[in-house]
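Just below is one structure, and these are the notes that go with it.
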């Protein structure tokens with residue numbers, strides 16, 4: 013009976029936490045999960061949801077700690093790909109690129125067509141200045157899902173930044189992303205940036221101004237506008 017009672021207590025804390033997470037009451041959810049952890053420190057569902065909660069609270073260091081604990085368990089009734097996606101994202105935010113690459117590559121060996129993981133891999137390569145490799149990854153995503161707007165936008169931006177990038181191809185994919193969601197500031201900014209590198213400043217101004225109106229606090233958009241203004245001098 014004691015064992016049943018313990019399991020019931022854990023399940024109650026977990027159900028309460030999941031309900032609170034759905035309502036974005038992360039602090040209260042954390043309290044319930046920590047109480048559940050006190051009762052079972054190797055429960056993969058508790059540990060995973062602690063990782064989720066800390067990531068939503070933007071405490072990525074603690075999120076990584078809990079997600080590593082899940083992976084270290086001898087058996088875990090949690091989808092490892094789900095764990096790895098969140099772990100990789102948290103590591104990217106923390107700029108732990110080497111470990112993020114390792115987690116992503118491990119996951120892609122299990123699910124090569126996982127576009128979420130591929131997007132993260134492309135982003136990492138772009139951040140590391142490996143633009144040609146990043147472009148190859150975004151191309152793979154588009155082959156898997158031709159309507160993946162984020163991949164189209166990312167490919168366009170990477171091609172526009174490459175020294176010998178295909179700017180016509182960049183424009184094609186920037187337009188495709190923009191047409192799918194013309195009120196996405198990132199898509200507006202990329203389309204403007206592509207027009208800038210193609211030497212069409214009037215179009216560049218139009219889309220960069222729209223991007224800034226949609227996201228006025230964006231440092232990156234402002235940097236692109238400054239680049240454009242320098243070209244006009």
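Numbering (this note's numbering), first residue to last: 13 to 245. We put the beta carbon where it would ideally sit given N, CA and C, even for glycine.
Near residue i, which residues of its chain fall below 6 Å by C-beta distance, leaving aside the five closest residues on each side in sequence?
i: residue 38; result: 65, 68 and 69
i: residue 13; result: In this prediction, residue 13 has a pLDDT of 45, which is less than 50 and means its spatial position is unreliable; what the coordinates show is noted afterwards. Same-chain partners within the cutoff: there are none.
i: residue 49; result: 58
i: residue 219; result: 200, 203 and 204
i: residue 207; result: 215 and 216
i: residue 237; result: 220
i: residue 32; result: 40 and 41
i: residue 195; result: none
i: residue 224; result: 233
i: residue 178; result: 171
i: residue 133; result: 116 and 149
i: residue 22; result: 48, 51 and 52
i: residue 192; result: 161
i: residue 188; result: 164
i: residue 28; result: 44
Could you check whether residue j and residue i sit closer than 9 Å to each other, using their CB atoms as the reference points?
i: residue 210; j: residue 183; result: yes
i: residue 197; j: residue 227; result: yes
i: residue 163; j: residue 131; result: yes
i: residue 165; j: residue 147; result: no
i: residue 85; j: residue 111; result: no
i: residue 45; j: residue 26; result: yes
i: residue 61; j: residue 30; result: yes
i: residue 167; j: residue 145; result: no
i: residue 113; j: residue 136; result: yes
Going by DSSP, what residue range makes up the alpha helix (DSSP H) through residue i?
i: residue 100; result: 92 to 105
i: residue 142; result: Residue 142 -> no alpha helix (DSSP H), and no H or E assigned at all.
i: residue 197; result: 197 to 209
i: residue 46; result: 38 to 51
i: residue 63; result: 56 to 68
i: residue 161; result: 161 to 173
i: residue 89; result: Taken as a continuous stretch (DSSP letters only), residue 89 belongs to no alpha helix (DSSP H), as it is neither H nor E.
i: residue 112; result: 109 to 120
i: residue 220; result: 213 to 226
i: residue 191; result: 179 to 192
Residues in its own chain within less than 8 Å of residue i by CB, not counting five upstream and five downstream?
i: residue 119; result: 92, 93, 96, 97, 100, 126 and 129
i: residue 213; result: 207, 240, 243 and 244
i: residue 106; result: 72, 73 and 76
Does chain D have any CB closer than 9 Å to the CB of residue i?
i: residue 198; result: The chain inventory of the structure shown lacks chain D, comprising one protein chain alone.
Take residue i and list the residues in its own chain whose beta-carbon comes closer than 7 Å to its own, dropping the five residues that flank it on each side.
i: residue 18; result: 51
i: residue 56; result: 82, 85, 88, 89 and 90
i: residue 109; result: 136 and 140
The stretch 156 to 165 in contact with the stretch 140 to 147 per 3-pair CB rule at 8 Å: Short answer: they don't touch.
At least 3 beta-carbon pairs within less than 8 Å: the stretch 70 to 77 vs the stretch 87 to 96: Contact annotation: the stretch 70 to 77 does not touch the stretch 87 to 96, with fewer than three C-beta pairs closer than 8 Å.
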